[in-house]
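S.K.: If you read the sequences in order, they're chains A and B. Mapping to our numbering: the first sequence position 247 is 519, numbers consecutive. Mapping to our numbering: the second sequence position 76 is 1449, numbers consecutive.
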Amino acid sequence: MVDIVKDETFCPSCGRFVGPVEICPYCTTHIQKRTAIKIYKIVALVLAIFGTIGVWYISKHRDIPLVKIDQIAPMMNFAYVRIHGKVTRVYPYDAQKHSLAFVVNDGSEEELRVSAYRREAEKIVQLNLMPDIGDEVEVAGSLSIRENFRTMYVNMAERMKRIPPEIKELTISELSRKNLGDKVRITGNVVDARELTSGIIYTLSDPNNEERTVSLPCWKRNVGEINLAEGSLVTVTGSVTEYRNEIQVTPNKAADIVVKKSPLSHQKTAVIQEE
Amino acid sequence: MDALNLIIWIILGTVLGSVLSLIPSPHIYNVAGVILILNIALEKFIPLDVLAYFMLAMVVAYSIVNTVPSIFLNAPDDSLAFTILPGQQYMLMGKGFEAAMLTNIGCLAGIIALILMTPAVFTIFPKFRIIIREHMAWILGSVIAFMLITEWPKGTDRAPTGLGRFMEAWASLFAGLLTFVLAGLLGIIIMNKTIVPVERAFQSIMPVFVGIFALPGLMQNILARIKIPKQHIATSVDLDFPLFLRGGAAGFLGGIFAAYFPIITGGIGGLMAGHATAQRDERLFVVSQGASRLVYYTGSFLLAFAPGLMLTRGGMAWIMAPFFTARVKGDYYLALAAVALAGGLSFLLTIYLAKWLLKILPRINFAALSIAVMIFLTILVYWLTSWTGIILMIVATGIGSIPVFFYSRRMNCMAVLLVPITINMAGLGPLVNRLLGLV
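1. Please report the distance separating the alpha-carbon of S511 of chain A from that of N1403 of chain B.
2. Is the beta carbon of S1391 of chain B sitting closer than 8 Å to the one on I1401 of chain B?
3. Which whole runs of the alpha helix (DSSP H) in the segment 1701-1745 of chain B are 4 residues long or more, in chain order?
4. What's the C-alpha gap between R431 of chain A and S387 of chain A?
5. What are the residues in the segment 1569-1590 of chain B lying within 7 Å of chain A by C-beta distance?
6. Going by alpha carbons, who is nearest to I1511 of chain B out of B:I1737, B:T1758, B:P1635, B:A1649?
7. State the Cα-Cα distance for the pair I1381 of chain B and A1708 of chain B, rounded to the nearest angstrom.
8. Can you look up G1800 of chain B in the DSSP assignment and give me helix, strand or coil?
9. Within the chosen definition, does the segment 1510-1527 of chain B reach the segment 1778-1785 of chain B through at least 3 CB pairs nearer than 8 Å?
10. Pull out every residue of the segment 1689-1713 of chain B whose Cβ sits closer than 7 Å to any Cβ of chain A, in chain order.
11. Rounded to whole angstroms, what's the CA-CA distance from L372 of chain A to V327 of chain A? Just pull it up for me.
12. Would you identify the three-state DSSP class for F1658 of chain B, choosing helix, strand or coil?
13. Considering only the alpha carbon of each residue, which of B:A1587, B:A1472, B:F1739 lies closest to L1767 of chain B?
14. Kindly say whether L1453 of chain B, judged by its beta-carbon, lies nearer than 8 Å to any beta-carbon of chain A.
15. Output the boundary residues of the alpha helix (DSSP H) element that contains N1565 of chain B.
16. By the criterion of Cβ-Cβ separation under 9 Å, what are the contact partners of N1565 of chain B in chain A?
17. Beta-carbon separation of A320 of chain A and L1555 of chain B under 8 Å?
18. Taking beta-carbon pairs under 8 Å, can you tell me which members of the segment 1778-1793 of chain B lie near chain A?
19. Does DSSP classify A1694 of chain B as helix, strand or coil?
20. Does DSSP put L559 of chain A in a helix, a strand or coil?
21. Looking at the unbroken alpha helix (DSSP H) that takes in A1677 of chain B, where does it start and where does it end?
22. Should the segment 1723-1734 of chain B be called in touch with the segment 431-450 of chain A, which here means at least 3 C-beta pairs below 8 Å?
23. Could you tell me which of B:I1504, B:L1676, B:T1795 sits nearest to R1686 of chain B, measuring between CA atoms?
24. Under 8 Å Cβ to Cβ from S1759 of chain B, same chain only, skipping five residues before and after it: list those, please.
25. Please name the residue in A:L415, A:G503, A:I295, A:T475 whose C-alpha comes closest to that of N1565 of chain B.
26. If you reduce the DSSP assignment to three classes, tell me which class E408 of chain A lands in.
27. On a Cα-Cα basis, can you pick out the residue from B:L1487, B:L1791, B:M1689, B:L1809 that is closest to S1515 of chain B?
28. Per DSSP, which residues does A465 of chain A bridge with? Please list them.
29. I'd like to know if L1675 of chain B contacts chain A, where contact means its C-beta is closer than 8 Å to some C-beta of that chain.
30. Let me know the secondary structure DSSP gives D275 of chain A once reduced to three states.
31. With 8 Å set as the bound, which would you pick, yes or no: does the beta-carbon of C286 of chain A sit closer than that to a beta-carbon of chain B?
32. For A526 of chain A, decide whether its Cβ has a neighbour in chain B, counting only Cβ atoms nearer than 8 Å.
33. Near A1694 of chain B, which residues of its chain fall below 7 Å by C-beta distance, leaving aside the five closest residues on each side in sequence?
34. Who are the neighbours of S1814 of chain B on chain A, taking C-beta pairs under 9 Å?
35. Determine, for P1449 of chain B, whether the minimum Cβ-Cβ distance to residues of chain A falls below 8 Å.
36. Please compile the residues from chain B whose C-beta is within a distance smaller than 8 Å of the C-beta of M402 of chain A.
Here's what the structure looks like:
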């Protein structure tokens, strides 16, 4: 033990291990320290304080990396990234769950679900940043990657940009696959309605060419409960999507459907009931 | 999944984890990151259906075997913040082997407790999770408050002037608070806008943890030039059954608190359990810390094997999240069997590894070993997170060195996770980000 007692990490008086302290906590003897430890103490303080400020400065001025959705790998779990693409599905703000979500396609082979909760979800709605299907968005958030599920959590609503696309005025006859992803406004007569648990799928026909029709899926999560009478003339703003090789126009909210002429009253009236 | 194949991989995980745990300072989570990257590069050399059990065995081995270098080579992580003092005292009295065995016995108590806990995992835990979900922010806030208010001015009252005595007494308290503030600030930055490349984001905390917990201890080893007194290899331990039970129970309490709640580590859980159970006996303390450490490390990852519980706790569970999802209760029972097998094997390995380490200890050059480990860790950080990770590691080393060289609690460094997570859970994350200009 003689060597140990001589060493400055042990008290020269009582022989106990004292580590880097300069006064023995057991017998209060002053312990002579080598200069190296004193210098190290100062260096540690300077490094900690100025280093943290430096890291903050670098982070503050650093751009959030833009990634392609199909390049997101398991090793990128927790990464804070940006994505840029078109919205293909929306799950509007749910007041009970305090959440909202939408799905983004950036032209790569995969899509990514983007979710926001609590205050950030409310803020997205307040700032009118909640996208519609077909809207272009740039959104930053943290990636959460699980075995069979990937999502991005928005934790700063301000970092989100929404660029609504130009609305194209088209007739039902003019609609084609070329318009997939576009936002269009069409007018047609309601000729059929199919009720599902998640909503109603109407069929609209072109007023000038009754043989040309298009599906109008009105999902409860998007437009709430609506009731369009057969024979009504309606103008719909929506995104052009495809289901089983059929072109369809999907409205994002109740206000996107305007009844121009009702079959009974022949008056311009909206019979849309919002949930 | 072939049973024999699974057993082989569990044994391999245990042996690999045990051997790696003998090296002071590298954390098993760092090694896990490397294994995952290599496994992807080698086209799933370890089959994905056994990977989680292999990792579990490594965690069990680490939580048991790593106490040996912690006692003899002075390289603690946060969960060992309390064992290190009694452990070193034992070591200085030539009873380091006995301290290692007492901790080892505590780990066994932890394994037994985890097995006994099984019914609660499927009955109480899910309900408890729903109850506390909305209260997490203030619970974590209370933990922070407890950590801070249990710091107090420490001094010898021997300085010649009043100001000198004041400075001496408050120096360690200020060091503790400064560590907490700086670590918390660094945590907010790296959690919200890290500078680590996105391709390796799953290891973005790693350079900070290496800097905060590993490097300062290694530097201390280099500067301190510790010499180990001759150690006695005891054939029995000074422990009776009631003490074993009390130590195991206290350790389980701290460990499961840390395993169940997010961000709370074994060290913090141990501190709270120690206060709650008013431990005084040194042996009980060492046993309880062994149990706490095992329950924290193993228990937190074990919860990821409980289907439907949806609790991702501890570093390994987060690292493995993209690769493993528990689907049936059988996954949990299988994991429990893996813990028992790996735990038993690690317990036996610890005895032999501790004896072997004691044999080669007089020939070990601590300074050279510490420098070698520092170089290895620096290369690892660079390989995993590039030069930006090295910057984070250097800054974190400065923060982690404050408690080491100013004699305050290393646990304050856990603010690096506690502060940003608590702020986020309180819904204040965006506000703080805006204040710091991180938007």
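From the three backbone atoms N, C-alpha and C, an ideal C-beta is built for every residue, glycine too. Bear in mind that the values here come from a model prediction, so they are computed numbers and not experimental data.
M.R.: Taking the structure as given:
1. As a first step, residue 511 of chain A is located in the first sequence; it is residue number 239 there, counting from the start. As a first step, residue 1403 of chain B is located in the second sequence; it is residue number 30 there, counting from the start. Computed Cα separation, rounded: 47 Å.
2. Against the second sequence, residue 1391 of chain B aligns to sequence position 18. Against the second sequence, residue 1401 of chain B aligns to sequence position 28. Result no, Cβ atoms of S1391 of chain B and I1401 of chain B do not sit closer than 8 Å.
3. 1702-1733
4. Here residue 431 of chain A refers to the residue found at position 159 when the first sequence is read from its first residue. Here residue 387 of chain A refers to the residue found at position 115 when the first sequence is read from its first residue. Near 14 Å, if we compare the C-alpha coordinates of S387 of chain A and R431 of chain A.
5. V1571, E1572, R1573, A1574, F1575, S1577
6. Residue numbering aside, residue 1511 of chain B sits at position 138 when the second sequence is read from its first letter. Ile is not the amino acid found at residue 1511 of chain B; the sequence shown has Trp there. Of B:I1737, B:T1758, B:P1635, B:A1649, the residue nearest in Cα terms is B:P1635.
7. Taking the first residue of the second sequence as 1, we reach residue 1381 of chain B at position 8. Taking the first residue of the second sequence as 1, we reach residue 1708 of chain B at position 335. If you take the alpha carbons of I1381 of chain B and A1708 of chain B, they lie about 14 Å apart.
8. Against the second sequence, residue 1800 of chain B aligns to sequence position 427. Here G1800 of chain B sits in coil by DSSP.
9. yes
10. A1694, P1695, F1696, F1697, T1698
11. The residue you call residue 372 of chain A lines up with position 100 of the first sequence. The residue you call residue 327 of chain A lines up with position 55 of the first sequence. Looking at the two C-alpha atoms, the distance is approximately 33 Å.
12. Counting from one through the second sequence, the residue named residue 1658 of chain B turns up at place 285. Three-state result, F1658 of chain B: helix.
13. Your numbering for residue 1767 of chain B matches position 394 in the second sequence. For the sequence presented, residue 1767 of chain B should be read as Ile rather than Leu. Comparing Cα positions, the closest option is B:A1587.
14. The residue given as residue 1453 of chain B occupies position 80 in the second sequence. Legend: pLDDT at L1453 of chain B = 47, less than 50; position of this residue unreliable, no value from coordinates given.
15. The count along the second sequence starts at 1 and reaches residue 1565 of chain B at position 192. Residues 1535-1566.
16. Position 192 of the second sequence, counted from the first residue, corresponds to residue 1565 of chain B. Here the neighbours are S331, Y352, S414, N427, M428.
17. Counting from 1 along the first sequence, the entry for residue 320 of chain A is found at position 48. Counting from 1 along the second sequence, the entry for residue 1555 of chain B is found at position 182. Closer than 8 Å, so yes.
18. F1778, F1779, Y1780
19. Along the second sequence, read from residue 1 onward, the residue named residue 1694 of chain B stands at position 321. Of the three classes helix, strand and coil, the one that applies to A1694 of chain B here is coil, per DSSP.
20. Only positions 273 to 547 of chain A appear in the structure, and residue 559 of chain A is not among them; the question remains open.
21. Within the second sequence, residue 1677 of chain B is the residue found at index 304, counting from 1. Neither: A1677 of chain B is in no alpha helix (DSSP H) and is coded neither H nor E.
22. no
23. As a first step, residue 1686 of chain B is located in the second sequence; it is residue number 313 there, counting from the start. Minimum Cα distance to R1686 of chain B is reached at B:L1676.
24. Counting from 1 along the second sequence, the entry for residue 1759 of chain B is found at position 386. Same-chain partners within the cutoff: V1569, P1570, R1573.
25. Within the second sequence, the letter at position 192 stands for residue 1565 of chain B. Out of A:L415, A:G503, A:I295, A:T475, A:L415 has the C-alpha closest to the C-alpha of N1565 of chain B.
26. If you number the first sequence from 1, residue 408 of chain A lands on position 136. Residue state, collapsed to three classes: strand.
27. As a first step, residue 1515 of chain B must be located in the second sequence, where it is residue number 142. When each option's Cα is compared against that of S1515 of chain B, the closest is B:L1791.
28. Stepping through the first sequence from its first residue, residue 465 of chain A is reached at position 193. According to DSSP, A465 of chain A bridges with A:Y474.
29. One-based indexing of the second sequence puts residue 1675 of chain B at position 302. Closer than 8 Å: no.
30. The residue given as residue 275 of chain A occupies position 3 in the first sequence. Reliability of the predicted coordinates at D275 of chain A is poor, the pLDDT of 46 falling under 50, and the value obtained from them is presented with this limitation in mind. If DSSP states are grouped into helix, strand and coil, D275 of chain A belongs with the helices.
31. By 1-based counting over the first sequence, the position of residue 286 of chain A is 14. No, because no Cβ of chain B sits closer than 8 Å to the Cβ of C286 of chain A.
32. For the purposes of this step, residue 526 of chain A is identified with residue 254 of the first sequence, where counting begins at 1. Not closer than 8 Å to any Cβ of chain B, the Cβ of A526 of chain A fails to qualify, so no.
33. Here residue 1694 of chain B is taken as the residue at index 321 of the second sequence, counted from 1. For A1694 of chain B, where only same-chain residues beyond five positions count, the Cβ hits under 7 Å are T1685.
34. In the structure as shown, chain B begins at 1374 and stops at 1812. Residue 1814 of chain B is therefore absent and cannot be evaluated.
35. Within the second sequence, residue 1449 of chain B is the residue found at index 76, counting from 1. Reliability fails at P1449 of chain B, whose pLDDT of 49 lies under 50, so the model's placement of it is uncertain and no value is given.
36. For the purposes of this step, residue 402 of chain A is identified with residue 130 of the first sequence, where counting begins at 1. None at all; the shortest Cβ gap to chain B is about 17 Å.
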